[in-house]
Amino acid sequence: MNKILFFAHLRDEAGEESISLDAEGKTVEELKQMVAEQYQMKRLDSVMTAINEEFAPGDEVIKAGDVIAFIPPVSGG
Amino acid sequence: MNKILFFAHLRDEAGEESISLDAEGKTVEELKQMVAEQYQMKRLDSVMTAINEEFAPGDEVIKAGDVIAFIPPVSGG
Amino acid sequence: MNFEIAKDAIDIQSVIDKVVQRDAGAITTFIGTVRELTKGKKTLYLVYEAYEPMAVKKLEQIGAEIKERWEGAEVAITHRVGKLDITDVAVVIAVSTPHRADAYEANRYAIERIKEIVPIWKKEHWEDGQEWIGNQLETVAYPTGKPEEADLNE
Amino acid sequence: MNFEIAKDAIDIQSVIDKVVQRDAGAITTFIGTVRELTKGKKTLYLVYEAYEPMAVKKLEQIGAEIKERWEGAEVAITHRVGKLDITDVAVVIAVSTPHRADAYEANRYAIERIKEIVPIWKKEHWEDGQEWIGNQLETVAYPTGKPEEADLNE
Chain A
-4 MNKILFFAHL RDEAGEESIS LDAEGKTVEE LKQMVAEQYQ MKRLDSVMTA INEEFAPGDE
56 VIKAGDVIAF IPPVSGG
Chain B
-4 MNKILFFAHL RDEAGEESIS LDAEGKTVEE LKQMVAEQYQ MKRLDSVMTA INEEFAPGDE
56 VIKAGDVIAF IPPVSGG
Chain C
7 MNFEIAKDAI DIQSVIDKVV QRDAGAITTF IGTVRELTKG KKTLYLVYEA YEPMAVKKLE
67 QIGAEIKERW EGAEVAITHR VGKLDITDVA VVIAVSTPHR ADAYEANRYA IERIKEIVPI
127 WKKEHWEDGQ EWIGNQLETV AYPTGKPEEA DLNE
Chain D
7 MNFEIAKDAI DIQSVIDKVV QRDAGAITTF IGTVRELTKG KKTLYLVYEA YEPMAVKKLE
67 QIGAEIKERW EGAEVAITHR VGKLDITDVA VVIAVSTPHR ADAYEANRYA IERIKEIVPI
127 WKKEHWEDGQ EWIGNQLETV AYPTGKPEEA DLNE
């Protein structure tokens, strides 16, 4: 299983801080598409993805237990 | 009469914080030369002059009561 | 801990204290504060949210980048999260270096990198609504859960 | 009084407080500290001297120059005089502006101008002597009352 974290507007759209699902063997891009459909999220294209607290490219394959975070464009500072 | 103020290495060279002398009618350059001779000061060329707390050019004529300060290259900050 | 996410008001002096060093002649700080007016629009307050463990790691990474680029630099950064009022301090960046030009440049580098890679987001609250601010240039905004017609056609 | 010469330790936060404004999103500070090593030579302590009334006027002038060049800027500067030990704070410059690029640039401008026009001098004390430092670039030094042969032939 994998934990998926949402932040900022994605959290509002999902209505959840995090969800659990099995993403093992999927790429980041595939997971994005899956989540976008399930939660009717727009603009996941401009969202970066972190695996275990490090940015990951779209073709990275997710392993069992990986924590995935969707990172909207940041606005700290 | 005029008060003449010395700072930094000029104060060490003059052995005084200030002196009084009559510089009325003299230019800044003339006063510099006079003081340099009297106190055997070198490097007054690279020293700026302030009249009444404002920088003054070498050809400015000193009036009675003006306070003159010799300002060596500054090194604050 | 030179790189922190804080839930309460940031003590600026304590961030500065972390970068004091005998061989530094210059310390610069950047203090990001909550501004009332942005493009004529009046902000009531902000809420900052962070992906905290990753945010700390990314702040640490920025510190490492600076130490590699500017020799002898020390860096400390604290970013606050939660609700902030006008003039509250959102972020403090302190950089010390032997010479002053580096202290300015390295500090500027830090704030620009924060706005690129550190997972922190701000939500602006105005009298007539609220919005997650979309990116560091404040040019892309994501209305909360209410996509505009234009967004749907993007 | 945003522009001061101080005889005791400078409270950095109190200088920052002077430039807080509702329409500022950025405050930068420059903190000049006493560095132990300069070109491999070990400083024991420094003594700063100022032509105080003129120094305050010149700091005010720098503040006015900044407000003219950077719209919406607020500036406060305190420079300390007297004996300072290693890591002691000699000067604090705080600048607030609506946007961050200006806060860095205006602050940098202030320190460069201080080194040009403000009548403050520092005397370095080393183990083997002391010297009034001659200009802001630290390239010209005036040995105290002991001119070198080279100086006589300049």
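Chains as they are written, first to last, in the working numbering: chain A, -4 to 72; chain B, -4 to 72; chain C, 7 to 160; chain D, 7 to 160. Backbone N, C-alpha and C define an ideal beta-carbon position, used for all residues, glycine too.
- The DSSP-derived three-state label of Val81 of chain C is strand.
- DSSP lists no beta-bridge partner residue for Thr93 of chain D.
- DSSP places His105 of chain D in no beta strand (DSSP E); its state is neither H nor E.
- Taking a C-beta distance under 8 Å as the contact criterion, Val101 of chain C and Ile33 of chain C qualify as a contact pair.
- At a cut-off of 8 Å between beta carbons, Ser70 of chain B contacts chain D.
- Listed as beta-bridge partners of Phe65 of chain A by DSSP are A:Thr44.
- In the same chain as Ile66 of chain B, and ignoring 5 residues on each side of it, the C-beta atoms closer than 6 Å to its own belong to Met43, Ala45, in chain order.
- Exposure of Asn47 of chain A is indicated by the presence of fewer than 16 other C-beta atoms within 10 angstroms of its C-beta.
- Scanning D:Arg28, D:Val25, D:Tyr51 for the CA closest to the CA of Asp134 of chain D turns up D:Tyr51.
- With contact defined as three or more Cβ pairs closer than 8 Å, the segment 11 to 18 of chain C and the segment 54 to 68 of chain C are in contact.
- In this structure, the CA atom of Ala82 of chain D is about 13 Å from the CA atom of Tyr115 of chain D.
- Judged by pairs of C-beta atoms under 8 Å, the segment 18 to 30 of chain B touches the segment 49 to 63 of chain B, as three or more such pairs exist.
- Under the three-state reduction of DSSP output, Ser20 of chain C falls in the helix class.
- For Ala18 of chain B, no beta strand (DSSP E) run applies, since DSSP gives it neither H nor E.
- For Tyr115 of chain C, no chain A residue has a Cβ inside 9 Å of its Cβ, as the nearest lies near 12 Å away.
- For Ile72 of chain D, no Cβ of chain C is located within less than 8 Å of the residue's own Cβ.
- By the CB criterion at 8 Å, Val98 of chain D and Ile18 of chain D fall inside the cutoff.
- By the Cβ criterion, the segment 22 to 40 of chain C is in contact with the segment 75 to 94 of chain C, since at least three pairs of Cβ atoms, one from each stretch, lie closer than 8 Å.
- Counted as a single uninterrupted DSSP element, the beta strand (DSSP E) harbouring Ile(-1) of chain B occupies residues -3 to 0.
- Taking all protein chains in view, the Cβ of Glu12 of chain A is surrounded by fewer than 16 other Cβ atoms within 10 Å, so the residue is classified as exposed.
- The way I'd put it, the segment 68 to 77 of chain C doesn't touch the segment 15 to 30 of chain C; fewer than three beta-carbon pairs between them come closer than 8 Å.
- Within the DSSP bridge table, the entry for His131 of chain D names D:Tyr51, D:Gln136 as partners.
- For Glu49 of chain B, there is no enclosing alpha helix (DSSP H); the residue is part of the beta strand (DSSP E) that begins and ends at 49 to 51.
- Distances from the alpha-carbon of Tyr34 of chain B to those of B:Ile(-1), B:Glu19, B:Ala59 put B:Ile(-1) closest.
- Bridge pairing for Leu43 of chain C: C:Lys48 [DSSP].
- In terms of Cβ geometry, Thr84 of chain C and Ile16 of chain C form a close pair [threshold 8 Å].
- Proximity of chain C to Pro52 of chain A at the Cβ level (cut-off 9 Å) is not reached, the minimal Cβ distance being about 15 Å.
- By DSSP's assignment, Ala56 of chain D forms a beta bridge with D:Ile126.
- Counting along the chain, the unbroken alpha helix (DSSP H) around Glu32 of chain A starts and ends at 23 to 33.
- Among the residues of chain D, none has a CB under 8 Å from the CB of Ala79 of chain C; the nearest is roughly 14 Å distant.
- The beta carbons of Trp132 of chain D and Asp108 of chain D sit no closer together than 8 Å.
- Taking 8 Å as the Cβ-Cβ cut-off, the segment 80 to 100 of chain D approaches chain C at Ile92, Thr93, given in chain order.
- If you check each beta-carbon in the segment 47 to 58 of chain D against every beta-carbon of chain C, none falls closer than 7 Å.
- For Leu43 of chain C, the chain D residues whose Cβ falls inside 9 Å of its Cβ are Arg28, Asp29, Pro104, in order along the chain.
- Taking the beta carbon of Lys121 of chain D as reference, the chain B residues within 9 Å of it are Val69, Ser70, Gly71, Gly72, listed in sequence order.
- If you check the CB distance, Glu19 of chain A and Asn(-3) of chain A come in under 8 Å.
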